[in-house]
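Structure first, commentary second.
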């Protein structure tokens with residue numbers, strides 16, 4: 029009994045270490061962070077960065093982080109895409125109205141009325157690219173201390189560990205892409221094979 033108990037204790041002590049060793053730290057894009065600003069920043073940050081000097085309250089942030097690019101993640105033709113045409117004062121309220129108009133149009137096209145109140149606002153989220161070789165985690169932590177920032181995090185890379193078993197891609201799931209899902213002598217999605225996309229599908 030004592031020997032069994034000792035083995036169980038050793039197993040319990042070693043298990044967390046073995047799990048930790050098997051888990052790789054997540055990969056991130058070097059020199060990039062993702063940031064969401066609050067309404068305390070009253071203009072499009074991409075717009076302000078393109079027109080340096082137009083928003084003095086953001087210049088210190090741009091300089092301290094040594095930014096080389098600011099780009100809104102969620103874009104629309106009525107919003108940030110107009111920045112290149114010269115709109116240094118594009119306001120948060122204009123972006124919010126544009127986002128809600130776009131969502132309402134999409135929902136109406138599907139026969140849905142109104143906007144759910146719990147929908148998150150996405151228009152004030154940006155990808156910031158910076159110089160200087162600093163760690164994205166370090167830059168994200170620094171940004172998180174800014175009261176104008178809702179969240180900041182490295183731009184994590186995600187990958188799949190298993191390929192989806194889609195019978196419409198590979199009917200008999202043997203990797204040959206030769207049969208359809210009902211046994212026909214050609215794959216259902218033969219266009220993927222014709223375009224040579226097997227390699228893309230099989231990439232993890």
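In the numbering used here, the protein residues as written are 29 to 232.
All C-beta atoms in this analysis are idealised placements derived from N, C-alpha and C, irrespective of residue type, glycine included.
Let's test the definition: count the other Cβ atoms within 10 Å of the Cβ of residue i and tell me whether it reaches 16, buried, or not, exposed.
i	result
residue 228	exposed
residue 89	buried
residue 118	buried
residue 76	buried
Among all the DSSP beta bridges, which residues are the ones paired with residue i?
i	result
residue 182	61
residue 95	158
residue 119	71
residue 101	BP columns for residue 101 are empty, so no partner.
residue 177	65
residue 167	None; residue 167 has no bridge partner.
residue 56	184
Does the distance from the CB of residue i to the CB of residue j come in under 8 Å?
i	j	result
residue 68	residue 175	yes
residue 167	residue 66	no
residue 158	residue 94	yes
residue 62	residue 155	yes
residue 74	residue 98	yes
residue 131	residue 147	yes
residue 54	residue 164	no
residue 127	residue 149	yes
residue 215	residue 208	yes
residue 60	residue 183	yes
Since residue i and residue j should fall inside the 8 Å C-beta cutoff, what is the C-beta to C-beta distance between them, to a whole number of angstroms?
i	j	result
residue 52	residue 153	So it is not a contact: roughly 27 Å between Cβ atoms.
residue 151	residue 124	6 Å
What number of angstroms, rounded off, separates the C-alpha of residue i from the C-alpha of residue j?
i	j	result
residue 144	residue 122	20 Å
residue 195	residue 201	7 Å
residue 82	residue 222	51 Å
residue 180	residue 169	7 Å
residue 213	residue 198	11 Å
residue 134	residue 120	21 Å
residue 219	residue 204	15 Å
residue 15	residue 210	Residue coverage of the chain in this structure runs from 29 to 232, which leaves residue 15 outside it and unanswerable.
residue 78	residue 173	24 Å
residue 72	residue 140	29 Å
residue 161	residue 185	18 Å
residue 142	residue 206	47 Å
residue 84	residue 70	12 Å
residue 187	residue 96	27 Å
residue 136	residue 80	39 Å
Is the shortest distance between the beta-carbon of residue i and the beta-carbons of chain C less than 8 Å?
i	result
residue 69	Absent from the structure: chain C. Only one protein chain is present.
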